[in-house]
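In our numbering, the protein residues as written are 1 to 146.
We put the CB at the ideal spot given by N, CA and C, even for glycine.
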């Protein structure tokens, strides 16, 4: 049996957990900076998102029974190009001549839903890895008894 076929399900789950962990970190950073009106670049914090991509083996999923998907990975962290929030706050130190302050393009309810989704995805990958481990343990016990 090829090594990838034995550990494939475990590595797929591990890659999913690693990708979701990064997504949770990026979302936590978005939430932490939801009120940051000025960054070192001089503009408000810009929300970030993680782009995932499928990892396939060299055959591209063709050629052998165990060929194909090997997991998922975070391809890149990108800035959200949506506009900043313009809020009227004339006494704010960052207010423009008309009294408006530019706030980050972070919407807390949306970020919280995305965080919950990432947490659930992480948990599903963890449960899949645990189930695979239990199946292997049972198989080893059966081999011992035989």
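Proximity below 8 Å, CB of residue 115 to CB of residue 24 | In this structure, residue 115 places its C-beta atom within 8 Å of the C-beta atom of residue 24.
Cα-Cα separation between residue 93 and residue 104, rounded to whole angstroms = 16 Å
DSSP-derived helix/strand/coil call for residue 76 = strand
With a Cβ-Cβ cutoff of 8 Å, do residue 118 and residue 74 count as a contact?
-> no
State the Cα-Cα distance for the pair residue 2 and residue 123, rounded to the nearest angstrom.
-> In this prediction, residue 2 has a pLDDT of 43, which is less than 50 and means its spatial position is unreliable; what the coordinates show is noted afterwards. Spanning the two alpha carbons is a distance of roughly 28 Å.
Compute the Euclidean distance between the alpha carbons of residue 79 and residue 110, then round it to the nearest angstrom.
-> 16 Å
Euclidean distance between Cα positions of residue 15 and residue 121 | Across the structure, residue 15 and residue 121 are spaced so that their CA atoms are roughly 12 Å apart.
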